[in-house]
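Listed in order, the protein sequences are those of chains G and F. According to our numbering, the first sequence holds residues 874 to 979 in order. According to our numbering, the second sequence holds residues 874 to 979 in order. Some notes on the structure that comes next.
2 protein chains.
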Amino acid sequence: MSAPSDGPILDRLIHEPGRLALMTVLSTVESADFVFLQRATGLTKGNLSSHLTKLAEAELVTIEKRFVHRKPNTNVALTTTGRERIAQHWEQLDSLRNFSARPRSE
Amino acid sequence: MSAPSDGPILDRLIHEPGRLALMTVLSTVESADFVFLQRATGLTKGNLSSHLTKLAEAELVTIEKRFVHRKPNTNVALTTTGRERIAQHWEQLDSLRNFSARPRSE
DNA sequence: GCCTGAAGTTTGTGCTGCAAACCTGTTTGC
DNA sequence: GCAAACAGGTTTGCAGCACAAACTTCAGGC
Numbered sequence: 874m875s876a877p878s879d880g881p882i883l884d885r886l887i888h889e890p891g892r893l894a895l896m897t898v899l900s901t902v903e904s905a906d907f908v909f910l911q912r913a914t915g916l917t918k919g920n921l922s923s924h925l926t927k928l929a930e931a932e933l934v935t936i937e938k939r940f941v942h943r944k945p946n947t948n949v950a951l952t953t954t955g956r957e958r959i960a961q962h963w964e965q966l967d968s969l970r971n972f973s974a975r976p977r978s979e
Numbered sequence: 874m875s876a877p878s879d880g881p882i883l884d885r886l887i888h889e890p891g892r893l894a895l896m897t898v899l900s901t902v903e904s905a906d907f908v909f910l911q912r913a914t915g916l917t918k919g920n921l922s923s924h925l926t927k928l929a930e931a932e933l934v935t936i937e938k939r940f941v942h943r944k945p946n947t948n949v950a951l952t953t954t955g956r957e958r959i960a961q962h963w964e965q966l967d968s969l970r971n972f973s974a975r976p977r978s979e
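Structure (structure tokens):
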């Protein structure tokens, strides 16, 4: 017995720098395409692609693949959940910042 | 050639949830001991210990080991650098939050 | 002198972020 | 018209690291 796990305070899925940037950028728009996101976040294609895949698997974003001018075009948007989660995350960061002494003691 | 690396935007050493909490708590005090930090951050001893070691190696904190009442007592404080870095980090998070479209374009 | 507990440290491992290689369709040169 | 370059992504390989469990050491009880 004992205390096995650290508090699940900040969600690493969202907290990860690349994805935090991604979600934050997405939260300011309705949707955005791959190339825009790449420029906005500074991520490489490969990393952007895998972060997006992860976010999609967690259902925080939806991904639509189309062809525009005969070129592949990947359009990404936050889901409702995604929008909530990124907002929550920033709130949690806020409370951490204003000192979240969160003793496990009761 | 090509673009090998993603922008070194957020320092993972500090951004990591446990260490972010740790540094933030430390930034509100002059110094704190191991047990206090454990309760304040909710980390397990093991993880707290290794995070502290890493922060110390990066010279963001100083660690002093004493005996108080014949018991080991580990006292931790931010270095000047550490204090700067955590402040910076929060600023960077702020700018990310207010939309950091940071196109690599010039 | 042995057991319990407090205060840390070390170890093992599974995940996962990163960069490089690869893929697929489309222009562009010639 | 066909090969090379390019645009837009995806897949792969590996190295680093966060986490939890096991171990350590010393202090009192009993």
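The beta carbon of each residue, even a glycine, is placed where N, CA and C say it ideally should be.
Cβ-heavy atom distance, residue i to the ligand PLP, below 6 Å
| i | result |
| --- | --- |
| F972 of chain F | Absence of the ligand PLP is noted for the structure shown, with no ligands found whatsoever. |
Contact check, residue i vs residue j, beta carbons under 7 Å
| i | j | result |
| --- | --- | --- |
| T935 of chain G | A950 of chain G | yes |
| N948 of chain G | E932 of chain G | no |
| P945 of chain F | L883 of chain G | no |
| I887 of chain F | H962 of chain F | yes |
| L925 of chain F | Q911 of chain F | no |
Sequence-distant residues of its chain with Cβ nearer than 6 Å to residue i (five each side left out)
| i | result |
| --- | --- |
| I959 of chain F | M896 and S900 |
| S923 of chain F | none |
| L928 of chain F | V934 |
Which of helix, strand or coil DSSP assigns to residue i
| i | result |
| --- | --- |
| L893 of chain F | helix |
| L886 of chain G | helix |
| T898 of chain G | Note that residue 898 of chain G is Val in the sequence shown, not Thr. Three-state DSSP puts V898 of chain G in a helix. |
| S923 of chain F | helix |
Contact set for residue i: own chain, Cβ-Cβ below 8 Å, skip 5 residues either direction
| i | result |
| --- | --- |
| Q965 of chain F | I882 and L883 |
| R956 of chain F | S900 |
| V898 of chain F | A905, L910, A913 and T914 |
| F940 of chain F | N946 |
| R916 of chain F | Residue identity differs from the one stated: residue 916 of chain F is Leu in this sequence, not Arg. Only G891, A894, L895, L910 and H924 meet the Cβ criterion. |
| G919 of chain G | none |
Alpha helix (DSSP H) segment containing residue i, residue limits
| i | result |
| --- | --- |
| G914 of chain G | Before going on, a small fix: residue 914 of chain G reads as Thr here, not Gly. From DSSP, the alpha helix (DSSP H) with T914 of chain G extends over F907 to T914. |
Contact set for residue i: own chain, Cβ-Cβ below 7 Å, skip 5 residues either direction
| i | result |
| --- | --- |
| M874 of chain G | Low confidence applies to M874 of chain G: its pLDDT is 36, below 50, so where it sits in the model is not reliable enough to give any reading. |
| L893 of chain G | I887 |
Uninterrupted beta strand (DSSP E) stretches inside the region 926-972 of chain F (no shorter than 3 residues)
Counting only runs of 3 or more, we get 934-941 and 944-951.
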